[in-house]
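The structure appears right after this line, and notes come after that.
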Amino acid sequence: MKGLFLTDTGQVRSHNEDSGGIFYNASGQLMAVIADGMGGHQAGDVASQMATAFLKEEWATCSKLNFPDEAEAWLTKTVMTINEKIFQHALQNEACFGMGTTIVIAICIDDIITVAHIGDSRCYILNDNGFKQITEDHSLVNALVQSGQISKDDALSHPRKNVVLKALGTEEEIDADIQTLGLEQGDKILLCTDGLTDKVLDNELLELIQSPDNINAIGEKMIELANNRGGEDNISLIIIHHDPSPKEGEQSC
1 MKGLFLTDTG
11 QVRSHNEDSG
21 GIFYNASGQL
31 MAVIADGMGG
41 HQAGDVASQM
51 ATAFLKEEWA
61 TCSKLNFPDE
71 AEAWLTKTVM
81 TINEKIFQHA
91 LQNEACFGMG
101 TTIVIAICID
111 DIITVAHIGD
121 SRCYILNDNG
131 FKQITEDHSL
141 VNALVQSGQI
151 SKDDALSHPR
161 KNVVLKALGT
171 EEEIDADIQT
181 LGLEQGDKIL
191 LCTDGLTDKV
201 LDNELLELIQ
211 SPDNINAIGE
221 KMIELANNRG
231 GEDNISLIII
241 HHDPSPKEGE
251 QSC
């Protein structure tokens, strides 16, 4: 299994409110994290960095997980704790009032992946069944699509497409959506912020991620494309390749 994390400030913003990384517990099991911070007075980076740092710290001391229900229980508990920490920090620090962050987390246990998410940061999977978004955006436009008020095409250009209905740290209590899927050799997982998906369509992501290039080159091309189309937001992504034989230039997990 190989993994790549990339983040880019973009072409417009002065600082990066995204955070993330690929981390390992004592048993060498992989956890991937992407967080997209939001909030006034540049507090979004505080929220996203708090989330990533706490997840990294907790995962480092996590015992080996053997079954998906163990990963789901760990994610449920840890996300609840992070939410409380961010919420309380915002209450106690005026400059951080209203801050929060999206989060998407993937834990890989052998041929199983467990994914948790809050907000509109996404997880996609490429396998023999095609390329599919497996998370459901907690956003205004997705709610409008789900209720039949607008089409998916309308959502792409909707003036409020960046309004998130659910974010880590903005409420006293919050639940993540959690799901578990099986992996086959050769499958690829993409985690990303809306800085990528607002600029690069799903069919374009598919064309890039299914290329024979190594995942480093694929990730760099994705960020380059988003930046070439304006890069108004920070852009972050993780690609995980469930393949035992790294290509030249790739990092083995």
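Start counting the sequence shown at 1; every next residue gets the next number (the UniProt record's numbering).
Built from N, CA and C at the ideal position, the CB exists for glycine as well.
Here the structure is a predicted model, which is why all the values come from computation and not from measurement.
- Counting along the chain, I218 sits inside the alpha helix (DSSP H) bounded by residues I215 to N228.
- Closest in C-alpha terms to G119, from the list M222, N216, N214 and I178, comes I178.
- Below 8 Å, too few C-beta pairs join the segment 142-154 and the segment 46-56 to call them touching: fewer than three.
- The segment 224-243 and the segment 5-18 touch, with three or more beta-carbon pairs separated by less than 8 Å.
- Using a Cβ distance threshold of 9 Å, A35 and S121 count as a contacting pair.
- The DSSP-derived three-state label of I150 is coil.
- Assignment of I112 by DSSP, reduced to helix, strand and coil, places it in the strand class.
- Per DSSP, the continuous beta strand (DSSP E) segment holding T180 begins and ends at D177 to G182.
- Residue pairing by DSSP places A51 in no beta bridge whatsoever.
- In the structure shown, F87 adopts helical secondary structure according to DSSP, grouped into three states.
- Its Cα nearest to that of M80, the residue A176 stands out among V33, K56 and A176.
- Cβ neighbours of E72 within its own chain (closer than 7 Å, five residues either side excluded): T114, I178 and T180.
- Out of P212, Y124, A26 and N66, the CA that lies nearest to the CA of D110 is found in N66.
- Taken through DSSP and simplified to helix, strand or coil, N234 comes out as coil.
- Checking the DSSP bridge columns, you'll see T76 has no partner listed.
- Non-local beta-carbon contacts of R13 in its own chain, meaning distances under 8 Å to residues more than five positions away in sequence, involve E232, D233 and N234 in chain order.
- Cβ contact annotation for N227 (same chain, cutoff 6 Å, sequence separation greater than five): Q11, in chain order.
- Selection Q210, L191, R229 and M99 evaluated against G21 yields L191 as nearest (Cα-Cα).
- Pairing L144 with H158 gives a Cβ-Cβ distance under 9 Å.
- By the CB criterion at 9 Å, C96 and A32 fall outside the cutoff.
- D137 is classed as buried because its beta carbon has at least 16 other beta carbons within 10 Å across all chains shown.
- Bounds of any beta strand (DSSP E) do not take in D187, whose DSSP letter is neither H nor E.
- Secondary structure at T197: helix, using DSSP grouped into helix, strand and coil.
- Our two residues, Q133 and T170, have alpha carbons roughly 25 Å apart in a direct line.
- Each of Q185, T102 and S27 was checked against the Cα of D45, and the nearest Cα belongs to T102.
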